[in-house]
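Accompanying notes for the structure given below.
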Amino acid sequence: MFKKIGFRLIFVVAFTTLIIIGVFAYFNVKSQSSSLISEVERHANQLGETVISSTRFDMMLNQRDRIQQTINSIGTQPQIRDVRIINKIGEIIYSSDSTNINKMVDKQAESCYACHAEDRPLEQISITERTRIFRLHPDSNRVIGIITPIYNEKSCWQAECHAHPRDQKVLGVLDVSISLAEVDNAILSSEWKIVGFSVIAILSVGLLIAFFIRRWVSKPVNDLLNGTLQVSQGNLNYTIKEMGDDEIGKLGTSFNNMTKKLAEARMQLFQSDKMASLGRLAAGVAHEINNPLTGVLTYSSFLLKRTKDNPEFQEDLKVIVRETIRSREIVKSLLDFSRQSIPKKSLADISEIIDKAISVIENQLSLNKVKIEKQTEANLPNITVDANQIQQVIINLLVNASDAIGKDGGVITLITKQISLAPVGIAQIKKATCPKRHSLIDNDFKIDGLPSLKVKVISGDKEGIAHLDPVYGKHRNNFNVGFKIERDAKFVCPECNNSIVQQDKLCPLCGSPILSFEISGQGIYEVCSSENSNWEKWEAVDSAGSREYIEIKVTDTGSGISNEDLPKIFDPFFSTKGQKGNGLGLAVIWGIIDNHNGTINVESELGKGTTFIIRLPLSQQK
Numbered sequence: 057m058f059k060k061i062g063f064r065l066i067f068v069v070a071f072t073t074l075i076i077i078g079v080f081a082y083f084n085v086k087s088q089s090s091s092l093i094s095e096v097e098r099h100a101n102q103l104g105e106t107v108i109s110s111t112r113f114d115m116m117l118n119q120r121d122r123i124q125q126t127i128n129s130i131g132t133q134p135q136i137r138d139v140r141i142i143n144k145i146g147e148i149i150y151s152s153d154s155t156n157i158n159k160m161v162d163k164q165a166e167s168c169y170a171c172h173a174e175d176r177p178l179e180q181i182s183i184t185e186r187t188r189i190f191r192l193h194p195d196s197n198r199v200i201g202i203i204t205p206i207y208n209e210k211s212c213w214q215a216e217c218h219a220h221p222r223d224q225k226v227l228g229v230l231d232v233s234i235s236l237a238e239v240d241n242a243i244l245s246s247e248w249k250i251v252g253f254s255v256i257a258i259l260s261v262g263l264l265i266a267f268f269i270r271r272w273v274s275k276p277v278n279d280l281l282n283g284t285l286q287v288s289q290g291n292l293n294y295t296i297k298e299m300g301d302d303e304i305g306k307l308g309t310s311f312n313n314m315t316k317k318l319a320e321a322r323m324q325l326f327q328s329d330k331m332a333s334l335g336r337l338a339a340g341v342a343h344e345i346n347n348p349l350t351g352v353l354t355y356s357s358f359l360l361k362r363t364k365d366n367p368e369f370q371e372d373l374k375v376i377v378r379e380t381i382r383s384r385e386i387v388k389s390l391l392d393f394s395r396q397s398i399p400k401k402s403l404a405d406i407s408e409i410i411d412k413a414i415s416v417i418e419n420q421l422s423l424n425k426v427k428i429e430k431q432t433e434a435n436l437p438n439i440t441v442d443a444n445q446i447q448q449v450i451i452n453l454l455v456n457a458s459d460a461i462g463k464d465g466g467v468i469t470l471i472t473k474q475i476s477l478a479p480v481g482i483a484q485i486k487k488a489t490c491p492k493r494h495s496l497i498d499n500d501f502k503i504d505g506l507p508s509l510k511v512k513v514i515s516g517d518k519e520g521i522a523h524l525d526p527v528y529g530k531h532r533n534n535f536n537v538g539f540k541i542e543r544d545a546k547f548v549c550p551e552c553n554n555s556i557v558q559q560d561k562l563c564p565l566c567g568s569p570i571l572s573f574e575i576s577g578q579g580i581y582e583v584c585s586s587e588n589s590n591w592e593k594w595e596a597v598d599s600a601g602s603r604e605y606i607e608i609k610v611t612d613t614g615s616g617i618s619n620e621d622l623p624k625i626f627d628p629f630f631s632t633k634g635q636k637g638n639g640l641g642l643a644v645i646w647g648i649i650d651n652h653n654g655t656i657n658v659e660s661e662l663g664k665g666t667t668f669i670i671r672l673p674l675s676q677q678k
């Protein structure tokens, strides 16, 4: 049990409390005892002075009976143990206890020691020095005794009846003894009260400490311990509940962030491994299937020529040839998907790349009654690209356009030109984080095919999600919150609920709060939080100035793509062709263009056609 941190804390605090209360109790009892003794001492001294004053006249008249009566009367008072008058030679001449009269006292006894053990005269001894506390026997109550000197006053030595010489200053002493039973009982009662209070205080403090330690230390630590055990067993989805804003709470938050990042990393590794495995599988399958497909296509083509006179065989063989060709296209797409790699860039003529791509599929387009209209700007500068990959992109786009046109034929327009674009409207936000470095990119909700920025909106007791356009300057935001956003609404990270509002800064157009995102490697991106405002600022992009691009547009007169399918058009294995497509072609294109630091967008309208727009920067990052 002592190994537990909670128990150790309770023990240390309880032990410390015990020491503090013990020291306090000791000095408190000591103070009370001293105060009570001082009070009894003062009372005894006053009593002695009173007795001397009361008997002074009787002593001058030598009325011994009256003196004895006074002493007897005083001796009967409660707590008075004994009242004695002792002369200079140590003889008890008066006493409340008649058995002690005429007895001699020991000069070494406590009642005499103060007078005879000191070098200075009795009249110079303080009250404290004239006071003694003693026990008659070990089991008896304590007794306090005080001696009061009886001085040889002028009125005394001048009296005719008195026999004391003039030079004798002290005639004797009055010894008053008072029982301390009541004082001792009071001190004992006080001690027990203090002990009781101390026990209650220690127990109360211990229970309170135990409660708060269990709540604020033991439970959070146990949760963290359980969390680490869960993670060690491979459960990266385990999360620790909110534990407050203290150090342990922040540790819990860091633990949750760590597990989330580990889960994301594991998922990424899993996805990467899965895609790598899929690529290897695709390459292997494609390689193994390609050879038999070639044989099937070859022999079915021969059979098709040899059975011209058998229409029934001709139709069956045409189906075999068509499906074999389709299978080869699937195999080719699988190979393209599995072979995605870092582009080997070099200076190339974009017009030459396009011409080669057209020549590869020109005959196929002619058979489908598809006409190509090429509009290439003259004297285009060479561009740093991987020529083979860009050629593959053009071929895939032309084939897709031909498929979209269909059997009735149509036109594919291919336009190439050099353009100069300002950063606004073309810079894509690929990485955005909150102040706690959580990613704000939402890959599931896309705007024009691009992953959006996800923000939680809290207005009053309502909350919702806003998706922001990832292209700087476009401002095609989607506020899917379902309520009116007030000016004092909160905009926070969906993961950690930390505010992403730029403090002490408002939109210069509408005065609304400004949202701030950190873009890795490109500084801070700011955008107005209002749905109706189009104010944005991205200093790193704005300061870059305009850039030169080669723009390639591929437009067809085909069936078009629905608005529902447009955001998913570049996703792997998504296809609008049904069984005719495998959904890998546009995914391959996307990867190639992205590796060239370019952009690809699609515009489409059902029944009118589709346009793919590729923009490749003339100045490539190697």
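If you count the sequence shown from 1, position 153 lands on 209 in my numbering, and the numbers rise without skipping. Where is the CB? At the ideal position from N, CA and C, for every residue including glycine.
Backbone secondary structure at P673 - three-state DSSP:
Three-state result, P673: strand.
Let's see if you can read the secondary structure: which residues bound the alpha helix (DSSP H) around A488?
Note, A488: premise wrong, no alpha helix (DSSP H); not H, not E.
Which residues in the same chain as K425 place their Cβ atom closer than 6 Å to its Cβ, once the five residues preceding and following it in sequence are excluded?
Correct list, in chain order: G465.
Provide the residue(s) that pair with G262 in DSSP beta bridges, ordered along the chain.
According to DSSP, G262 bridges with nothing at all.
Span of the alpha helix (DSSP H) around R122:
Its alpha helix (DSSP H) spans residues 120 to 131.
Indicate whether T666 and D612 have their beta-carbon atoms separated by less than 8 Å.
Cβ distance < 8 Å, so T666 and D612 count as in contact.
Span separating the alpha-carbon of Q88 from that of S274
If I take the Cα positions, the gap works out to 42 Å.
Return the chain-ordered list of same chain residues with a C-beta closer than 6 Å to the C-beta of T187, the five sequence neighbours on each side being excluded.
Closer than 6 Å at the Cβ level, and outside the excluded window around T187, lie E97, I202.
Residue ranges of each alpha helix (DSSP H) run of no fewer than 4 residues wholly in the region 403 to 458, ordered along the chain?
Counting only runs of 4 or more, we get 406 to 423.
Could you check the C-alpha separation between I679 and K512 for me, to the nearest Å?
Missing from the structure shown is residue 679; the chain here goes from 57 to 678 and no further.
Assess contact between the region 439 to 455 and the region 657 to 666, defined as three or more Cβ pairs (one per stretch) separated by less than 8 Å. Is contact present?
Because the criterion of three Cβ pairs below 8 Å is not met, the region 439 to 455 and the region 657 to 666 do not touch.
Beta-carbon contacts of G579 that lie in its chain and below 6 Å, excluding the five residues immediately before and after
Excluding sequence neighbours, G579 sits near E595, A596.
Just checking, does the region 469 to 485 make contact with the region 604 to 619 on the three C-beta pairs under 8 Å criterion?
As far as the Cβ criterion goes, the region 469 to 485 touches the region 604 to 619, which means the pair count is three or higher.
Quick one: is M115 buried, meaning 16 or more other Cβ sit within 10 Å of its Cβ, or exposed?
M115 should be labelled buried.
For I575, which residues from the same chain have a beta carbon less than 7 Å from its beta carbon, with the 5 sequence-adjacent residues on both sides left out?
Excluding positions up to five away in sequence, the list reads I485, K487, A488, Y581.
Does DSSP classify V583 as helix, strand or coil?
Strand.
Per DSSP, what kind of secondary structure is S679 in: helix, strand or coil?
Here the chain comprises residues numbered 57 to 678, so residue 679 is not present and cannot be evaluated.
Is I258 closer than 8 Å to L74 when the C-beta atoms are compared?
Against a cut-off of 8 Å, the Cβ pair of I258 and L74 comes out as a contact.
Spatial distance of S407 from I414 (CA atoms):
If you take the alpha carbons of S407 and I414, they lie about 11 Å apart.
May I ask you to report which of helix, strand or coil DSSP gives P348?
The answer is helix: DSSP assigns P348 an H, G or I state.
Top-ranked residue by Cα proximity to G146, from D195, Q119, V226
The shortest C-alpha to C-alpha distance from G146 to any of D195, Q119, V226 is the one to V226.
Mapping the DSSP letters down to three states, classify D500 as helix, strand or coil.
D500: strand per DSSP, three-state reduction.
Can you tell me whether E685 is buried or exposed? The criterion is at least 16 other CB atoms within 10 Å of its CB, across all chains shown.
Given that the chain is displayed from residue 57 to residue 678, the structure contains no residue 685 and the question cannot be resolved.
Who pairs with I234 in a beta bridge, going by DSSP?
Per DSSP, I136, I200.
Have a look at I570 and L509 and give me their C-alpha separation to the nearest angstrom.
When the Cα atoms are used, I570 and L509 turn out to be separated by approximately 15 Å.
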